[in-house]
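Reading through the C-alpha cells given below for one structure.
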Amino acid sequence: MAEDIAERVNRLERRIAHLEDRAAIYQLLAAYGPAADSGSIPEAVGLWADDGVYDLHAQMMRGHADIADELGGQWHQGLIKQGSAHIVSMPYVTIDGDKAVATCHSRLYRRENDGGYRVLSCSANRWELERIGGRWRVRRRVSRRLDGSDESHKVLADGFAAEA
Amino acid sequence: MAEDIAERVNRLERRIAHLEDRAAIYQLLAAYGPAADSGSIPEAVGLWADDGVYDLHAQMMRGHADIADELGGQWHQGLIKQGSAHIVSMPYVTIDGDKAVATCHSRLYRRENDGGYRVLSCSANRWELERIGGRWRVRRRVSRRLDGSDESHKVLADGFAAEA
Amino acid sequence: MAEDIAERVNRLERRIAHLEDRAAIYQLLAAYGPAADSGSIPEAVGLWADDGVYDLHAQMMRGHADIADELGGQWHQGLIKQGSAHIVSMPYVTIDGDKAVATCHSRLYRRENDGGYRVLSCSANRWELERIGGRWRVRRRVSRRLDGSDESHKVLADGFAAEA
C-alpha cells in the first residue's frame with residue numbers, strides 16, 4: 000500500500016505542477032496591462048525573456064531595450080498621460096513541458112476629451128512562453144489588429160492547432 | 000499513520016480534481032472568442048455537446064448544425080471580415096459533480112471604417128456545462144443583451160442562486 | 000519512506016491551499032459585475048467585509064450600508080435600467096497568508112439609445128482582500144479613472160510593489 004500511495008503522490012505532484020503553471024501564466028498575462036498603463040517599464044519589460052520578441056502590428060521589437068524604447072517613447076507616454084487601458088482577455092493556454100502558448104484578445108482604450116473612452120484597437124494575440132530559471136517568461140508575443148486579415152485570423156486559429 | 004496519509008491523499012485528489020474542473024471551464028470559455036473570430040467553425044461548435052443549445056437573444060440554435068449555420072452565415076462572416084472581437088469576461092463558476100454553471104459578461108466589438116472599434120453589444124451570459132466523456136462541454140448557453148430587461152438581469156442573478 | 004511521503008503530502012497541501020486561494024479570489028472578483036449589473040445588492044455588498052471600504056473615484060463608502068445605498072441609488076439604478084456592464088479584467092494577485100491584493104482594470108459600459116454601448120470609464124483597481132472566517136472578502140477596494148493622473152498610475156504600479 001505504501002507504494003500505491005507513493006504513486007498517487009507522484010501523480011498529484013504532476014497534476015499540481017500543471018495547475019501552478021497555468022496560474023503562473025495567467026499571472027504573467029495579467030501583469031502586462033497594469034505595468035504598461037502605469038509606466039512601470041522595468042516590470043513590463045521584465046515579463047519578456049532577455050532576448051524576447053514583441054511583434055506588434057507593423058513593429059518588431061527584439062530584446063528588452065527595444066521594448067523599453069517603445070514604452071518610454073512618445074506614443075506610449077502620450078497614451079498613458081491621456082489615460083489608457085491595455086487589457087488582455089482570459090487566455091486559451093496550452094502547455095508542453097517548459098513551453099506554452101497563450102492565445103487571447105487584447106484591447107486598447109484611450110480616454111477622450113469628452114470624458115468617455117474610445118476603443119482604439121482590438122487585437123489577436125499569441126504569447127509564446129518559456130520557463131526560464133523556473134519562471135515563465137515571454138519568448139515572443141505576436142499581436143495583430145483584428146481588421147479582417149487572414150494573418151489576424153491565423154494568430155487566433157493557431158492557438159488551437161498547438162494542441163493537435 | 001499510513002491510513003491517515005491515505006485519507007489525506009484522498010482529500011488532495013478531490014481538491015485537485017475540483018481545481019482541474021475550474022481550470023478546464025475557464026479554458027472552455029476562453030476558446031469561444033478566438034474560435035468565433037477566426038472563423039474556426041468546427042472548433043467553436045465542438046465546445047457544445049452534440050445536442051447543445053445556443054440561445055442567443057431572439058435566436059435559438061439547437062445542435063451543432065444550427066450553430067455552424069450561424070457562424071458560417073452572412074452576418075457572422077461579414078463581422079469577421081470587417082474585424083470582430085467576441086470576448087467573455089472572467090466567469091463566476093459553480094460546479095456540482097458533472098454539471099456546472101458559468102456566469103459572465105460578453106462583448107462584441109467591430110472595427111469601424113474610421114479604424115476604431117465599436118462596442119456592438121454587452122450581454123449577460125449563462126453557460127450550463129456538463130462533463131461528457133471526461134470533457135466539459137456546453138449543454139446550453141443563454142446570452143441576453145444588457146438592455147435593462149428583467150430577463151437580462153435574471154441571467155446574471157441566477158448565477159448566484161445556483162449556489163444556494 | 001513513510002515520513003518522506005508525509006512531508007510530500009504536507010507540501011502538496013500547502014501548494015493546493017495556495018491555488019485554492021487564487022481560485023477563490025478570481026471567483027470573488029468575477030462575482031462583482033454580475034451582482035452589480037443585475038441589481039443583486041445583498042450579493043454585491045456581501046463581497047465586502049462588514050466594515051469594508053469602497054473608495055470609488057471621489058466617493059468614499061464605508062461598510063455595507065454605504066455600498067448598498069450607492070447600488071440602490073439613482074445613478075446606479077438608472078444605469079442598470081438603461082443596460083450596463085461592470086467588468087473587471089483578469090487580476091494580478093499577490094497572497095500573503097490571510098491577506099491578498101488583486102490589481103486589475105475595470106470598465107463600465109452603458110447602452111446608448113442608438114443600440115450600441117459606450118465605454119463610460121476605464122479604471123485602475125486595487126482590491127485589498129482578507130480571509131475572514133475562512134472566506135475571502137474585500138477589506139478595501141480602490142478604483143480610480145485612468146485619466147493620466149499619478150494617483151491612477153500608482154494604483155496599478157503598487158500591485159507589483161506588493162510582491163517586493
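Note that the protein sequences, when read in sequence, are chains A, B and C.
In terms of numbering that gives the first Met the number 0, the first sequence opens at residue 0 and continues consecutively.
In terms of numbering that gives the first Met the number 0, the second sequence opens at residue 0 and continues consecutively.
In terms of numbering that gives the first Met the number 0, the third sequence opens at residue 0 and continues consecutively.
For glycine and all other residues, C-beta sits at the position ideal for the given N, C-alpha and C.
Treat the numbers as computed from the prediction; the structure is a model and nothing was measured.
Below the 8 angstroms Cβ cutoff, chain B contributes no neighbours of residue 94 of chain C, its closest Cβ being approximately 15 angstroms away. Taken through DSSP and simplified to helix, strand or coil, residue 17 of chain A comes out as helix.
In chain A, no part has a C-beta under 7 angstroms from the C-beta of residue 40 of chain B; the shortest such distance is about 11 angstroms. For residue 105 of chain A, the enclosing beta strand (DSSP E) starts and ends at 98 to 110. For residue 56 of chain A, the three-state secondary structure derived from DSSP is coil. Collapsing the DSSP output to three states places residue 78 of chain B in a helix. The alpha carbon of residue 21 of chain A has as its nearest neighbour, out of A:150, A:148, A:94 and A:149, the alpha carbon of A:94.
By the Cβ rule, the stretch 93 to 113 of chain B does not count as touching the stretch 51 to 68 of chain B, because fewer than three pairs are nearer than 8 angstroms. Rounded to the nearest angstrom, the Cβ distance from residue 7 of chain C to residue 15 of chain A is 11 angstroms, too far for a contact under 8 angstroms.
Rounded to whole angstroms, residue 25 of chain A and residue 84 of chain C show a C-alpha spacing of 23 angstroms. Counting along the chain, the unbroken beta strand (DSSP E) around residue 119 of chain B starts and ends at 116 to 131.
Contact check for residue 126 of chain B against residue 156 of chain B fails: the beta carbons are separated by 9 angstroms or more. Judged by beta-carbon spacing, residue 104 of chain C lies beyond the 9 angstroms limit of residue 50 of chain A, meaning their Cβ atoms are not closer than that value. The beta-carbon separation of residue 40 of chain B and residue 4 of chain C, rounded to 49 angstroms, does not stay under the 8 angstroms limit for a contact. Close CB contacts of residue 139 of chain B within its chain, under the 6 angstroms cut and outside five residues either way in sequence, are with 52 and 127 (chain order). In the three-state DSSP reduction, residue 51 of chain C falls in the strand class (E or B).
Residue 123 of chain C and residue 143 of chain C do touch by the CB rule: their CB atoms are close to 5 angstroms apart, below 8 angstroms.
Rounded to whole angstroms, the gap between the alpha carbons of residue 18 of chain A and residue 19 of chain C is 11 angstroms. Distance between residue 43 of chain A and residue 150 of chain A, taken at the CA atoms: about 26 angstroms. Contacts with chain A (Cβ-Cβ distance below 9 angstroms) from the stretch 133 to 161 of chain C involve 144, 145, 146, 147, 148, 151, 152, 153, 154, 155, 156, 157, 158 and 159, listed in chain order.
Using a Cβ-Cβ cut-off of 9 angstroms, residue 110 of chain B counts as an interface residue toward chain A, since at least one Cβ of chain A sits closer than that to its own. By the neighbour-count definition (other C-beta atoms within 10 Å, threshold 16), residue 10 of chain C is an exposed residue.
Using a Cβ distance threshold of 9 angstroms, residue 73 of chain C and residue 147 of chain B do not count as a contacting pair.
DSSP lists A:106 as the beta-bridge partner residues of residue 86 of chain A. Counting other Cβ atoms within 10 Å of its Cβ, residue 131 of chain B stays below 16 and is therefore classed as exposed. Close CB contacts of residue 110 of chain A within its chain, under the 7 angstroms cut and outside five residues either way in sequence, are with 81, 82 and 116 (chain order). Those residues of the stretch 5 to 34 of chain A placed with their C-beta closer than 8 angstroms to a C-beta in chain C are 5, 8, 11, 12, 15, 18, 19, 22, 25, 26, 28, 29, 30, 32, 33 and 34, ordered along the chain. According to the DSSP assignment, residue 95 of chain A belongs to the beta strand (DSSP E) that extends over 91 to 95. Across the stretch 56 to 84 of chain A, CB contacts with chain C closer than 8 angstroms involve 79, 80, 81, 82, 83 and 84, in sequence order along the chain. Spatial neighbours of residue 88 of chain B in its own chain (CB-CB distance under 6 angstroms, excluding positions within 5 residues in sequence) are listed in chain order as 103 and 104. Counting only Cβ-Cβ distances below 8 angstroms, residue 117 of chain B has contacts in chain C at 115, in chain order. Contact note: residue 37 of chain B reaches chain A through 152, 155 and 156, using a C-beta cutoff of 7 angstroms and chain order.
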